[in-house]
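First up is the structure itself, then whatever we jot down about it.
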Amino acid sequence: MTARTYLTFDIGGTKIASAFVTLPDRIHQGKYERDEKPQVQDLQEIPTQADLGGTVLCRRLVDCARGRLKEAAKPGGMPIAGIGIATAGVPDSRNGVILSATDILPGWRGQRVYDAFAAATDIPVHMIGDVGAHGIGEAIFGAGSGNEVVLSLGVGTGIGGALIVNGRLFTGAHGAAGHLGHVASRLGKGFRCSCGTMEGHIEPVASGTGLRDLYNVTLPVNVADATMVPDGVEVARRAMAGEEHAMRTIEASAHALGFVLGGIANTVDPDVVIVSGSVVKAGPQWWDALRSGFVASALPLIRPTPLIEGELGGSAPLIGAAVAAERSFFHA
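The numbering of the sequence shown is the numbering used here, which starts it at 351 and goes up by one.
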């Protein structure tokens, strides 16, 4: 069987990444060797410009695909078996419609992505959620390789998750499984979540923007040199420099996230929990607090479950989108 190449996209709140992904030639049989890895070629990024709305985003996505397909069609290029899309929000993979999306992508809900592509190309398109795609990539080819039950958590602009069982994404009855950012947390009470609630979700206090907001809201007014931060990166920088308020913020945020994660692990009993995204770079204190919160919430049998960092970085959702497309088009 000849290895197939896919044009894949990862649509996030700040950027759209695209690449050509060639999968191992035996992935359709599930018999590839563990050292057989996908080839991710010609990775490119453009700004999402989410503030322009969902219709503009859909049009820009199709225009980008046209340009990239022209690249592949040049002499010396590669045949493209299909297009795989990993997107923020909840897509209907069968019909190609965005069923739900948070404020991260305003106007994205209701966009008919497959119809937009059908008007521009006859190459087949398959779309899944970005965190699910990330989980598939890590579970099959990354940090979760060789495990049957993988719980994947993405902590970046928002928070999402995915459950991968025997290499397959569990999507739930409505395709919405894995919204780990929208689980109750006492720490989140009074912070507005991207889904609209202020009743206490974990995302608005544990994502990258959540770290920023938690720091700024709880900043002591009696500290002479206290200044608010523009993002979670600055919170992490200040914590690493020894600022007490930043360290307390990191501790509280990560511990609360770990507590939620332990509760989720109690329900699915994973072999491993993979944590990825920009916030995992916040340093050892963040990881220590995450694991402490996990142990405080997890049942004794679940507590030894390893919490590890993802290996594939930004390639994971692009690879996962290619795998999902392969399975959809060729019933793998």
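Built from N, CA and C at the ideal position, the CB exists for glycine as well.
According to DSSP, residue i sits in a beta bridge with which residue or residues?
{"i": "residue 320", "result": "Outside the shown range of the chain, which is 351 to 682, sits residue 320, and nothing can be said about it."}
{"i": "residue 387", "result": "DSSP lists no partner for residue 387."}
Kindly say whether residue i, judged by its beta-carbon, lies nearer than 8 Å to any beta-carbon of chain C.
{"i": "residue 387", "result": "Judged by its chain identifiers, the structure shown contains no chain C, having just a single protein chain."}
Among residues of its own chain, excluding the 5 on either side of residue i, which ones have a beta-carbon nearer than 8 Å to its beta-carbon?
{"i": "residue 578", "result": "565, 566, 569"}
{"i": "residue 632", "result": "561, 582, 585, 586, 589, 600, 604"}
{"i": "residue 395", "result": "365, 366, 367, 368"}
{"i": "residue 530", "result": "503, 509, 510, 511, 552, 610, 611, 614"}
From the options, pick the residue whose C-alpha is nearest to that of residue i; which is it?
{"i": "residue 663", "options": "354, 367, 410, 353", "result": "367"}
{"i": "residue 695", "options": "680, 588, 517, 438", "result": "No answer is possible for residue 695: it lies beyond the span of the chain, which begins at 351 and ends at 682."}
{"i": "residue 660", "options": "558, 639, 500", "result": "500"}
{"i": "residue 453", "options": "544, 356, 413, 531", "result": "544"}
{"i": "residue 643", "options": "604, 616, 402", "result": "604"}
{"i": "residue 357", "options": "675, 638, 616", "result": "675"}
{"i": "residue 354", "options": "440, 537, 606, 432", "result": "432"}
{"i": "residue 460", "options": "470, 369, 502, 406", "result": "406"}
{"i": "residue 518", "options": "371, 489, 525, 538", "result": "489"}
Residue i: buried (16+ other C-beta within 10 angstroms of its C-beta) or exposed?
{"i": "residue 477", "result": "buried"}
{"i": "residue 620", "result": "buried"}
{"i": "residue 512", "result": "buried"}
{"i": "residue 685", "result": "A question about residue 685 goes unanswered here, because the residues of the chain that appear run from 351 up to 682."}
{"i": "residue 430", "result": "buried"}
{"i": "residue 556", "result": "buried"}
{"i": "residue 440", "result": "buried"}
Going by beta carbon distance, what residues of the same chain come within less than 6 Å of residue i, once the five residues before and after it are set aside?
{"i": "residue 504", "result": "481, 484, 510, 626, 627"}
{"i": "residue 533", "result": "552, 610"}
{"i": "residue 527", "result": "520, 521"}
Return the chain-ordered list of same chain residues with a C-beta closer than 7 Å to the C-beta of residue i, the five sequence neighbours on each side being excluded.
{"i": "residue 417", "result": "none"}
{"i": "residue 434", "result": "356, 358, 476, 671, 672, 674, 675"}
Any beta strand (DSSP E) of 3 or more consecutive residues that is wholly inside the region 389-476 = 389-397, 432-437, 440-442, 447-450
Handout entry: Those runs of the beta strand (DSSP E) which lie wholly inside the region 536-600 and span at least 3 residues
Key = 549-551
### Query
At what residue ranges does the region 622-681 contain a whole run of the beta strand (DSSP E), taking only runs of 3 or more?
622-626, 657-659
Requested in this report: Enumerate, from N- to C-terminal direction, the unbroken alpha helix (DSSP H) stretches of 4 or more residues contained entirely within the region 480-530.
Outcome: 480-491
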